[in-house]
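2 protein chains.
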Amino acid sequence: MYEVFFQKFNQRTPLTEDEENFIKQYLIPKKLRKRQYLLQEGDVCKSIALIEKGSMRTYLVDPAGQEHITAFALEGWTIGDLPSFQSELPSIQNIEALEDCELVLVSKSAHDELLKTMPKYEIYIRLLITDAYMALQKRTLNMISLSLDDRYKAFIDTYPNIAQRVPQHMIASYMGLSPETLSRIRSRMNNSK
Amino acid sequence: MYEVFFQKFNQRTPLTEDEENFIKQYLIPKKLRKRQYLLQEGDVCKSIALIEKGSMRTYLVDPAGQEHITAFALEGWTIGDLPSFQSELPSIQNIEALEDCELVLVSKSAHDELLKTMPKYEIYIRLLITDAYMALQKRTLNMISLSLDDRYKAFIDTYPNIAQRVPQHMIASYMGLSPETLSRIRSRMNNSK
DNA sequence: CGATTTTTTGAATCATATCAACGTACGTGG
DNA sequence: CCACGTACGTTGATATGATTCAAAAAATCG
Numbered sequence: 477m478y479e480v481f482f483q484k485f486n487q488r489t490p491l492t493e494d495e496e497n498f499i500k501q502y503l504i505p506k507k508l509r510k511r512q513y514l515l516q517e518g519d520v521c522k523s524i525a526l527i528e529k530g531s532m533r534t535y536l537v538d539p540a541g542q543e544h545i546t547a548f549a550l551e552g553w554t555i556g557d558l559p560s561f562q563s564e565l566p567s568i569q570n571i572e573a574l575e576d577c578e579l580v581l582v583s584k585s586a587h588d589e590l591l592k593t594m595p596k597y598e599i600y601i602r603l604l605i606t607d608a609y610m611a612l613q614k615r616t617l618n619m620i621s622l623s624l625d626d627r628y629k630a631f632i633d634t635y636p637n638i639a640q641r642v643p644q645h646m647i648a649s650y651m652g653l654s655p656e657t658l659s660r661i662r663s664r665m666n667n668s669k
Numbered sequence: 477m478y479e480v481f482f483q484k485f486n487q488r489t490p491l492t493e494d495e496e497n498f499i500k501q502y503l504i505p506k507k508l509r510k511r512q513y514l515l516q517e518g519d520v521c522k523s524i525a526l527i528e529k530g531s532m533r534t535y536l537v538d539p540a541g542q543e544h545i546t547a548f549a550l551e552g553w554t555i556g557d558l559p560s561f562q563s564e565l566p567s568i569q570n571i572e573a574l575e576d577c578e579l580v581l582v583s584k585s586a587h588d589e590l591l592k593t594m595p596k597y598e599i600y601i602r603l604l605i606t607d608a609y610m611a612l613q614k615r616t617l618n619m620i621s622l623s624l625d626d627r628y629k630a631f632i633d634t635y636p637n638i639a640q641r642v643p644q645h646m647i648a649s650y651m652g653l654s655p656e657t658l659s660r661i662r663s664r665m666n667n668s669k
């Protein structure tokens with residue numbers, strides 16, 4: 477239990493066994509079936525979740541009623557709506573299981589408590605956000621500088637597993653283009669190699 | 477001296493006078509003339525900089541020789557190339573003064589030392605990156621979900637000062653579109669209101 | 001003031017969105 | 001377990017809108 481959580485934690489901030497046990501008190505395991513929600517628009521994001529198994533997506537519905545996927549997450553990734561989690565205000569995003577999932581939750585109160593009492597947790601969170609920030613910077617750069625074909629290649633290189641596990645139209649939504657266009661990009665790529 | 481630096485710091489993490497003085501030992505003031513560089517491609521980013529006065533841009537040159545602006549920064553903002561700063565490997569980005577600037581530098585060694593010795597500095601950095609991450613998420617969302625006209629409006633709303641202080645073609649580069657297109661967006665907007 | 005850079009405008013081209021139709025795969029209930 | 005209905009992915013035709021190239025107008029700098 478919590479294998480992936482502590483593997484990821486130790487990767488950034490090595491822990492003693494005692495420290496692991498200390499943290500374990502604060503963790504809550506949770507299973508989610510495909511299509512179930514971790515968070516729904518209008519609710520406050522009360523936990524961040526590490527994915528032990530499965531995959532999820534974060535999306536939001538714009539005023540015109542269209543869905544936009546802002547993030548995917550697989551095993552070992554941490555997911556949550558940061559603006560809502562930080563501010564304790566209602567979220568505008570939804571977080572949904574794309575496959576059956578096993579999660580490890582850290583509630584807001586547990587998170588605040590751990591930040592206060594355990595310097596290593598603070599370090600871990602800082603490194604986690606730093607990595608997430610750098611990944612997002614790369615994504616932003618790709619969006620402003622690459623052709624669609626190259627953006628799709630970059631997506632595949634960065635997340636080779638995702639493409640096989642989530643429907644294409646969701647990848648199109650994540651990239652901000654129509655499903656038809658993504659289909660044509662793929663057929664162009666297959667023909668040229 | 478360091479007014480803006482400590483104003484921003486206190487905003488996130490209130491400090492006593494002693495704590496301010498402790499941190500001051502580690503700070504280095506630096507002035508940069510317009511068009512001078514804080515960081516050039518190929519160099520390691522050895523400091524992060526808070527801008528007391530002036531404005532800067534971060535950009536990178538792609539294989540085809542085209543510049544892409546990834547960030548602007550004004551008074552009170554912190555700038556640096558995080559991947560290079562963290563890893564101490566050469567940066568692929570350039571950071572240039574757009575106006576005469578007064579900066580406050582925190583070197584990598586000072587940063588590491590402060591992280592080790594001063595919990596409040598660790599908290600400050602975590603909150604700083606968290607804010608930057610949330611801002612970047614919003615930018616990403618705008619890119620995948622809004623029309624160009626609305627993206628420009630969102631840009632103006634978010635950074636009302638920048639539009640008057642940096643050349644339009646740089647804003648176009650930041651938005652990932654051609655200068656001509658931005659010019660046409662602006663004339664459309666003026667005609668319709 | 002003259003030179004250079006920046007912004008605007010126009011016309012042609014290219015890329016993506018949209019709309020529509022079709023084939024296929026999938027899950028769901030009978 | 002099969003048959004049906006719904007989702008999904010592909011393909012084609014057309015429309016929209018952004019880029020590119022070229023040139024002129026406007027603004028900025030020395």
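Chains S and R supply the protein sequences, listed in that same order. Heads up, the first sequence is in our numbering, so the first residue is 477 and it goes up one at a time. Heads up, the second sequence is in our numbering, so the first residue is 477 and it goes up one at a time. For every residue, glycine included, the Cβ atom is placed at its ideal position computed from N, Cα and C.
- Counting only runs that start and end inside the segment 502-529 of chain S, the beta strand (DSSP E) elements of at least 3 residues fall at 503-508, 513-515 and 523-529.
- Under the rule that a run must span 3 or more residues, the beta strand (DSSP E) segments found entirely inside the segment 524-611 of chain S read 532-537, 543-549, 570-573 and 577-583.
- The beta-carbon of residue 620 of chain S is placed less than 8 Å from the nearest beta-carbon of chain R.
- Rounded to whole angstroms, the Cβ separation of residue 610 of chain S and residue 558 of chain R is 6 Å, and the two are in contact under 8 Å.
- Taking residue 600 of chain S as the centre and dropping the five residues before and after it, the same chain places the C-beta of 485, 488 and 489 closer than 7 Å to its C-beta, in chain order.
- DSSP places residue 489 of chain S in the coil class of the three-state scheme, outside both helix and strand.
- The way I'd put it, the segment 610-627 of chain S doesn't touch the segment 497-507 of chain S; fewer than three beta-carbon pairs between them come closer than 8 Å.
- By the neighbour-count definition (other C-beta atoms within 10 Å, threshold 16), residue 565 of chain S is an exposed residue.
- In terms of beta-carbon proximity, residue 551 of chain S stays away from the interface with chain R, with every pair separated by 8 Å or more.
- Legend: CB atoms of the segment 594-623 of chain S lying less than 8 Å from CB atoms of chain R belong to residues 595, 598, 599, 601, 602, 605, 606, 608, 609, 610, 612, 613, 615, 616, 617, 619, 620 and 621.
- Between the beta-carbon of residue 551 of chain R and that of residue 529 of chain R there is about 6 Å, and that keeps the pair under the 8 Å contact cut.
- For residue 658 of chain R, the enclosing alpha helix (DSSP H) covers residues 655-667.
- For the pair residue 561 of chain S and residue 527 of chain S, the CB atoms are not nearer than the 8 Å cut-off.
- Spanning the alpha carbons of residue 513 of chain S and residue 647 of chain S requires a straight line of approximately 19 Å.
- Taken in chain order, the members of the segment 534-559 of chain S whose beta-carbon sits within less than 8 Å of a beta-carbon on chain R are 536, 538, 542, 544, 546, 558 and 559.
- Contacts with chain R at 8 Å (Cβ-Cβ) do not include residue 518 of chain S.
- Scanning its chain for C-beta atoms nearer than 6 Å, with the 5 sequence neighbours on each side dropped, one finds around residue 650 of chain R the residues 545, in chain order.
- In this structure, S:571 is the residue among S:571, S:554, S:539 and S:563 with its C-alpha nearest to the C-alpha of residue 509 of chain S.
- Beyond the five residues adjoining it in sequence on each side, residue 626 of chain R comes within less than 7 Å, by CB distance, of no other residue in the same chain.
- Taking C-alpha positions only, residue 588 of chain S is separated from residue 639 of chain R by approximately 38 Å.
- In this structure residue 535 of chain R touches residue 569 of chain R by the C-beta definition: roughly 7 Å separates them, less than 8 Å.
- Chain-order list of chain R residues neighbouring residue 501 of chain S: empty, with the shortest C-beta distance near 22 Å, by a criterion of under 8 Å.
- One Cα belongs to residue 585 of chain R, the other to residue 604 of chain R, and the distance between them is close to 19 Å.
- Residue 636 of chain S: member of the alpha helix (DSSP H) spanning 636-641, first to last residue.
- The DSSP-derived three-state label of residue 646 of chain S is helix.
- Using beta-carbon distances, residue 487 of chain R does not count as an interface residue toward chain S, since no partner is under 8 Å.
- Residue environment: residue 540 of chain S is assigned as exposed (fewer than 16 neighbouring CB atoms within 10 Å of its CB, all protein chains considered).
- Considering only beta carbons, no part of the segment 635-648 of chain S lies closer than 8 Å to chain R.
- As the crow flies, the alpha-carbon of residue 629 of chain R is around 31 Å from that of residue 629 of chain S.
- Residues of the segment 560-580 of chain R with a C-beta atom less than 8 Å from some C-beta of chain S are 562, listed in chain order.
- Between the alpha carbons of residue 554 of chain R and residue 644 of chain R lies a gap of roughly 23 Å.
- Chain order gives the chain S residues near residue 652 of chain R as 619, 620 and 621, where near means a beta carbon separation below 8 Å.
- Around the beta-carbon of residue 537 of chain R, fewer than 16 other beta-carbon atoms lie within 10 Å, marking it exposed.
- Of the candidates R:613, R:495 and R:478, the residue whose Cα lies closest to the Cα of residue 590 of chain R is R:495.
- Each residue's CA atom was taken as its position, placing residue 612 of chain S and residue 613 of chain R some 8 Å apart.
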